[in-house]
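A quick write-up on the structure given underneath.
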Amino acid sequence: MYERFFGLKEKPFEITPDTEFFFSSEIHAEGLATLEYAVMEGKSFTVITGEVGCGKTTLIHRLLNELNGNVRSSYIFNPLMDTKEFLNFICTDFGITGDVSRTNAGSLEVLHDFLLECHRKNEKVFLIVDEAQALNEQLLQLIRMLTNLETSKNKLLNVMLIGQPELNETLNKKNLRALKQRISLRYHLNPLNRDETFEYILYRLKKAGGKDIRIFDNSALKQIYRYSGGIPRLINILCDNALVTGFSTGVKRIDKKIILNIIRDLEGAVKKKERPKTGNLTFIMIILGFSALGLFIILALMFLLFRI
Numbered sequence: 310m311y312e313r314f315f316g317l318k319e320k321p322f323e324i325t326p327d328t329e330f331f332f333s334s335e336i337h338a339e340g341l342a343t344l345e346y347a348v349m350e351g352k353s354f355t356v357i358t359g360e361v362g363c364g365k366t367t368l369i370h371r372l373l374n375e376l377n378g379n380v381r382s383s384y385i386f387n388p389l390m391d392t393k394e395f396l397n398f399i400c401t402d403f404g405i406t407g408d409v410s411r412t413n414a415g416s417l418e419v420l421h422d423f424l425l426e427c428h429r430k431n432e433k434v435f436l437i438v439d440e441a442q443a444l445n446e447q448l449l450q451l452i453r454m455l456t457n458l459e460t461s462k463n464k465l466l467n468v469m470l471i472g473q474p475e476l477n478e479t480l481n482k483k484n485l486r487a488l489k490q491r492i493s494l495r496y497h498l499n500p501l502n503r504d505e506t507f508e509y510i511l512y513r514l515k516k517a518g519g520k521d522i523r524i525f526d527n528s529a530l531k532q533i534y535r536y537s538g539g540i541p542r543l544i545n546i547l548c549d550n551a552l553v554t555g556f557s558t559g560v561k562r563i564d565k566k567i568i569l570n571i572i573r574d575l576e577g578a579v580k581k582k583e584r585p586k587t588g589n590l591t592f593i594m595i596i597l598g599f600s601a602l603g604l605f606i607i608l609a610l611m612f613l614l615f616r617i
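Residue numbers (the numbering used here): 310 to 617.
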């Protein structure tokens with residue numbers, strides 16, 4: 310839509326986890342290094358947390374693209390399941406054939422056989438759960454049981470839980486302390502700082518084929534950071550809307566005013582509740598006062614007439 314207008318080959322601010330647009334900021338580089346280390350060393354339990362829109366899913370996809378043939382993985386992107394569905398999904402994702410309506414015990418049996426076969430082939434096996442803050446207690450206890458699948462020297466299944474900060478609160482519950490004790494690696498993905506936000510925007514414009522990437526002026530960049538707090542998803546939403554606005558109005562240089570208008574639209578215009586004007590309110594009170602006085606006079610006259 311606006312690509313040709315701004316000299317771009319593709320849209321630079323899509324919110325899908327496109328690894329081609331992976332921006333290796335310091336925090337994202339450290340997060341990816343943590344996951345790579347977990348794979349290389351076969352760490353049995355890794356937890357990665359971060360606020361909504363910080364790039365956790367993009368990080369996972371980047372890792373999955375790097376895995377070689379000696380690493381098998383099952384990636385669960387929606388953990389809203391019961392234990393039977395969860396086990397069946399894992400088995401199917403690993404390519405384990407059999408009756409999809411198998412019981413939990415049956416699923417655990419065939420999964421254990423699969424893991425032993427992978428161990429004999431010197432293959433590492435990882436279960437990666439995204440949006441892990443949505444895991445209920447039953448599934449977390451099941452995951453703890455899955456980490457019990459082991460030989461005398463090695464864990465057969467390695468687990469990565471990726472989720473919002475609420476995941477830490479869940480894992481800190483007293484009844485899940487046995488699971489928490491198994492965590493061998495942790496990393497929290499923070500938002501981008503101001504300089505990284507500016508670099509992120511320029512990087513994505515350049516990656517999208519832009520030759521003149523000075524589309525956003527300094528005032529716009531500062532306002533984007535102020536509103537987004539350095540969260541990549543919010544940055545993408547603001548910038549994409551700004552490019553649409555620039556295209557529709559014929560403006561090739563995005564400034565603070567455009568960004569503020571977009572923020573207002575995204576937040577929704579809040580209409581202030583109208584209050585009666587002071588003059589009108591005073592007038593109404595006077596009328597009511599006279600009405601009450603008139604009623605009092607009428608009642609007094611009626612009382613006098615009846616006495617006579």
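Backbone N, C-alpha and C define an ideal beta-carbon position, used for all residues, glycine too.
Sufficient close CB pairs (3 or more, under 8 Å) joining the region 437 to 455 to the region 322 to 336: no
Own chain residues within Cβ distance below 6 Å of L514, not counting five before or after: P321 and I522
Check L317 in the structure and name its three-state DSSP category. coil
Could you give the first and the last residue of the continuous alpha helix (DSSP H) run that contains K352? Taken as a continuous stretch (DSSP letters only), K352 belongs to no alpha helix (DSSP H), as it is neither H nor E.
C-beta atoms of F657 and D439 nearer than 9 Å: The first residue shown for the chain is 310 and the last is 617, placing residue 657 beyond what the model contains.
Inspect the CB distances between the region 343 to 363 and the region 532 to 543 and report whether three or more fall short of 8 Å. yes
Nonlocal neighbours in the same chain, by C-beta distance under 6 Å from L417, ignoring five residues either side: none
Pick from R503, F507, A517 and V380: whose alpha carbon is nearest that of M349? V380
Measuring only the C-alpha atoms, how far is I281 from V356? There is simply no residue 281 to check, as the chain begins at 310 and stops at 617 in what is shown.
Closest by C-alpha distance to T366, when choosing among Y384, L376 and G351: Out of Y384, L376 and G351, the CA that lies nearest to the CA of T366 is found in Y384.
F395 to T406, Cα distance in whole Å? A direct Cα-Cα distance of roughly 15 Å separates F395 from T406.
Status (buried if at least 16 other CB within 10 Å, exposed otherwise) for Y346: Around the C-beta of Y346, fewer than 16 other C-beta atoms lie within 10 Å, and the residue is accordingly described as exposed.
By DSSP, does V560 sit in helix, in strand, or in coil? coil
From the DSSP output, in three-state form, read off T328 for me. helix
Name the DSSP bridge partner or partners of H421? Partner(s): none; H421 has no beta bridge.
Which partner residues does R495 have in the DSSP bridge list? V356
Please check the pair I563 and I524, which I expect to be a contact at CB under 8 Å, by giving their CB distance rounded to whole angstroms. 6 Å
From G351 to V468, what does the alpha carbon distance come to, in whole angstroms? 10 Å
In chain order, what residues of the same chain lie with their CB nearer than 8 Å to the CB of G588, ignoring the 5 residues before and after it? With a pLDDT of 49 at G588, under the threshold of 50, the modelled position of that residue is not reliable, and the figure given next carries that caveat. Counting only Cβ-Cβ distances below 8 Å, and skipping sequence neighbours, we find nothing.
Collapsed DSSP secondary structure at E426 in the structure displayed: helix
Other residues of its chain near N499: CB distance less than 7 Å, five sequence neighbours each side excluded: I336
Quick one, are the C-beta atoms of S333 and L344 less than 9 Å apart? no
Identify which residue in R371, L436 and L451 has its Cα closest to the Cα of S382. L436
What did DSSP end up calling I572 once you bin it into helix, strand or coil? Residue state, collapsed to three classes: helix.
Could you tell me which residues DSSP puts in a beta bridge with R381? V434
Closest to N502 by CA distance: which of I510, V560 and I572 is it? I510
Under a three-way DSSP split, which group does R483 fall into? It should be noted that the sequence gives Lys, not Arg, for residue 483. Looking at K483 - three-state DSSP - the assignment turns out to be helix.
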